[in-house]
Each structure stands twice: as C-alpha cells, then as structure tokens.
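K.L.:
Structure in structure tokens, see below.
2 protein chains.
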Amino acid sequence: MVQKRELIKGNSDSLLLCLLAQQSMYGYQIIKELEKRSQGYFQFKEGTLYPALHRLEKAGLILGKWQMLFNSRPRRYYHLTAKGHAKLSTERAQWQDFINAVNLILQPAEI
Amino acid sequence: MVQKRELIKGNSDSLLLCLLAQQSMYGYQIIKELEKRSQGYFQFKEGTLYPALHRLEKAGLILGKWQMLFNSRPRRYYHLTAKGHAKLSTERAQWQDFINAVNLILQPAEI
DNA sequence: TATTATATATAGGATAACAAAATACTATTT
DNA sequence: AAATAGTATTTTGTTATCCTATATATAATA
Numbered sequence: 001m002v003q004k005r006e007l008i009k010g011n012s013d014s015l016l017l018c019l020l021a022q023q024s025m026y027g028y029q030i031i032k033e034l035e036k037r038s039q040g041y042f043q044f045k046e047g048t049l050y051p052a053l054h055r056l057e058k059a060g061l062i063l064g065k066w067q068m069l070f071n072s073r074p075r076r077y078y079h080l081t082a083k084g085h086a087k088l089s090t091e092r093a094q095w096q097d098f099i100n101a102v103n104l105i106l107q108p109a110e111i
Numbered sequence: 001m002v003q004k005r006e007l008i009k010g011n012s013d014s015l016l017l018c019l020l021a022q023q024s025m026y027g028y029q030i031i032k033e034l035e036k037r038s039q040g041y042f043q044f045k046e047g048t049l050y051p052a053l054h055r056l057e058k059a060g061l062i063l064g065k066w067q068m069l070f071n072s073r074p075r076r077y078y079h080l081t082a083k084g085h086a087k088l089s090t091e092r093a094q095w096q097d098f099i100n101a102v103n104l105i106l107q108p109a110e111i
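Protein chains in written order, with the working numbering: chain F, 1 to 111; chain G, 1 to 111.
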C-alpha cells in the first residue's frame, strides 16, 4: 500500500471528529486507534495530532478533560461537543461532495 | 464550503495530470474545464493553477509549448510526458488506497 | 469609451503537516 | 539498582501549497 502524506491534508480534522464521535479517547490512543482501524495506513505524528486536538478544542468542537490515574501518567480524554457533532455532519457531506468531484475528473463518464 | 480549500490541497497535481493525460490544454482552458467537469465544484484560481503548472513542468511531468494565434493572445499548451503518465498511474493507486483508509474510519465495519 | 472575457504571471500571507526534540512517568528486563 | 522500552503530552522550526491580490495584454461587446 503506497502512502501519500499530501492526501491527509485537510482531512485530519474530520477523521478526528469521526473517531471521537464514536468514543472518547486521549491523544496517544487516537494515534494507535487510527493506525489499527485503517490497517496501518494512518500513522499520525505527535506534531500533527496534538496541535490538531488543541485546534479543535479551541474551536469548541471537542472538549478535553484530564483524568488522573494512580498507575500511569494523567491522560487528557477528549469528547465531541454538540457543536462538534454538527460539524462532523457537515464535514461528512463535504467529504462526499469532494469525492464525487474528484471522481468526475479521474473517471469521466466518456473517455 | 469554507473547508474545500484544505481538501484540494495535495490533490491539485493529480487532477491536473489526469486532465492533461486526456487532452493537451492551456491554463485558462484547464480552469474552465475543471469547473465544467466537476459541475462547478472545482474553481481553480490563477494563483493556484499557474504555479502548479510550473511545478509540474519543472518536475518533468508535463511539457508546455507556446502556440501563437493571429486573433488572440499566445497560449501555452501543456501535455503529459512519459514520466507524467507513470506518475499519474501511481497517483491513481494512491488515491484509491487513501479513499479506502478514510472509509475504514468514517464507516467502520462495526459500530 | 468602458467593460467584459480571455490569457499568463508572480508576490505575499495563511494554514497545516511533519520531523525532531523535550519532558516525564511506568513497567520490564538485565 | 540500572538500563531499556513503552506510554503520554507539548513545542519549535521547516516545508508545502492554496489563496488573495495585483500586473500585464488582447479581443469583443455595450
């Protein structure tokens, strides 16, 4: 499976919202989960993920809460806000529009 | 569609290669053709397209040739090189891999 | 004459993905 | 006890590229 990093651009926020809509997670867990679910395709770097989480939180789309644990480091669990759910819904639609538009170019009706 | 900009990022080169693989075109024509074929979705700006064409030509993927016309401005027609055809083929494969990976996140098998 | 459409080009700003390193704690191995 | 590996978050600096805006030029139309 050939991987092109450029393709991820502009989609990471949607992927994160989608993942957190299904389940609250903390940063490190998100990295592992994305890799697992995509069968190794997505390998988010810390320098990509954490700034993205902060961006989404600042925009009010997700909310992070510190969770103290006695046998490990504190973790910051993120969950989707109502605003985040609404955003995810529009982003899903935008993603479909985009796919459709690209396919019209890549696979035109008449060749 | 405010988000559209980010989705296009990293994909414009593939779109251009694909378009020029089907037919030689000049810049202005490409803008119009992309808009038409995508039913208005893609509206490339000059500041996006021309630098992209120069980038692709510099990389040896496309080749531009000036065509003089007596009743209009000169046009620079671009066509795909052999290297460009090879590149397009791998980019098509990458695009499919990417779609598959995203769909594994957006529509997981079990929810 | 002014505007619109055609046609190419580039400077400057904004955003985001990445590599890399810093920090810090826990668990396992030697 | 010390070293190593794994877990977990943060930040700095670099790079790529998409956009706005502007500049230039010609032909057709109002």
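We treat Cβ as the ideally placed atom computed from N, Cα and C, and that holds for glycine.
1. Interface residues of chain F around Y147 (chain G) at Cβ under 7 Å?
2. Taking only beta carbons into account, state which residues of the stretch 46-67 of chain G come closer than 7 Å to chain F, listed in chain order.
3. Based on the DSSP output, what are the partners of K9 (chain G) in its beta bridges?
4. Give me the Cβ distance between W66 (chain G) and R76 (chain G), rounded to the nearest whole Å; I'm assuming they're in contact under 8 Å.
5. Buried or exposed, going by whether 16 or more other CB atoms sit within 10 Å of the CB of K83 (chain F)?
6. Considering only C-alpha positions, which residue in the set F:M68, F:G10, F:L19 is nearest to H79 (chain F)?
7. Considering only residues of the same chain and omitting the five flanking positions on each side of A21 (chain F), which have a CB-CB separation below 6 Å?
8. Who does H79 (chain F) pair with in a DSSP beta bridge?
9. Determine the chain F residues that contact N11 (chain G) at a beta-carbon separation under 8 Å, and present them in chain order.
10. With DSSP as the reference, label Y26 (chain G) as helix, strand or coil.
11. Report the residues of the stretch 18-32 of chain G with a CB closer than 8 Å to any CB of chain F, ordered along the chain.
12. In chain F, which residues lie less than 9 Å from L106 (chain G) when you measure between Cβ atoms?
13. Give the straight-line distance between the Cα atoms of A93 (chain G) and S72 (chain F), rounded to the nearest whole angstrom.
14. In chain G, which residues lie less than 9 Å from S89 (chain F) when you measure between Cβ atoms?
15. Name, please, each residue of chain F whose Cβ falls closer than 8 Å to the Cβ of L34 (chain G).
16. For R35 (chain F), which residues from the same chain have a beta carbon less than 7 Å from its beta carbon, with the 5 sequence-adjacent residues on both sides left out?
17. Grab the span of the alpha helix (DSSP H) containing K58 (chain G) for me, first residue to last.
18. Going by other Cβ atoms of all chains shown within 10 Å of its Cβ, with 16 needed for buried, is M68 (chain G) buried or exposed?
P.N.:
Let me lay it out:
1. The requested residue 147 (chain G) does not occur in the structure, where chain G is confined to residues 1 to 111.
2. For the stretch 46-67 of chain G, the set of residues with a beta-carbon nearer than 7 Å to any beta-carbon of chain F is empty.
3. By one-based count along the second sequence, residue 9 (chain G) stands at place 9. DSSP lists no beta-bridge partner residue for K9 (chain G).
4. As a position in the second sequence, residue 66 (chain G) is number 66, starting the count at 1. As a position in the second sequence, residue 76 (chain G) is number 76, starting the count at 1. Rounded to the nearest angstrom, the Cβ distance from W66 (chain G) to R76 (chain G) is 6 Å, consistent with a contact under 8 Å.
5. Residue mapping note: residue 83 (chain F) aligns to position 83 of the first sequence, counting from 1. By the neighbour-count rule (16 or more Cβ atoms within 10 Å), K83 (chain F) is not buried but exposed.
6. Here the question's residue 79 (chain F) lines up with position 79 in the first sequence. For H79 (chain F), the nearest C-alpha among the options comes from F:L19.
7. Within the first sequence, numbered from 1, the residue matching residue 21 (chain F) stands at position 21. Closer than 6 Å at Cβ, skipping near neighbours: L80, L88.
8. Within the first sequence, numbered from 1, the residue matching residue 79 (chain F) stands at position 79. Per DSSP, F:L63.
9. Translated into the one-based positions of the second sequence, residue 11 (chain G) becomes position 11. Under the 8 Å cutoff, chain F gives E6, L7, V102.
10. Taking the second sequence and counting its residues from 1, the one referred to as residue 26 (chain G) is at position 26. For Y26 (chain G), the secondary structure class from DSSP, reduced to helix, strand or coil, is strand.
11. Contacts with chain F (Cβ-Cβ distance below 8 Å) from the stretch 18-32 of chain G involve C18, L19, Q22, listed in chain order.
12. Locating residue 106 (chain G) in the second sequence gives position 106, where the first residue counts as 1. Per Cβ cutoff of 9 Å: S14, L15, C18, R92, W95.
13. Here residue 93 (chain G) refers to the residue found at position 93 of the second sequence. Here residue 72 (chain F) refers to the residue found at position 72 of the first sequence. Near 42 Å, if we compare the C-alpha coordinates of S72 (chain F) and A93 (chain G).
14. By one-based count along the first sequence, residue 89 (chain F) stands at place 89. Ordered by position in chain G, no residue passes the 9 Å Cβ test against S89 (chain F), which lies about 12 Å from the chain.
15. By 1-based counting over the second sequence, the position of residue 34 (chain G) is 34. Correct list: I105.
16. Looking up residue 35 (chain F) in the first sequence gives position 35. Here residue 35 (chain F) turns out to be Glu, not Arg, going by the sequence shown. Excluding residues within five positions, the ones whose Cβ falls inside 7 Å are F42, Q43.
17. To locate residue 58 (chain G), count along the second sequence from 1; it is residue 58. First-last of the alpha helix (DSSP H) with K58 (chain G): 46-58.
18. Residue mapping note: residue 68 (chain G) aligns to position 68 of the second sequence, counting from 1. The residue is exposed, with fewer than 16 neighbouring Cβ atoms inside 10 Å.
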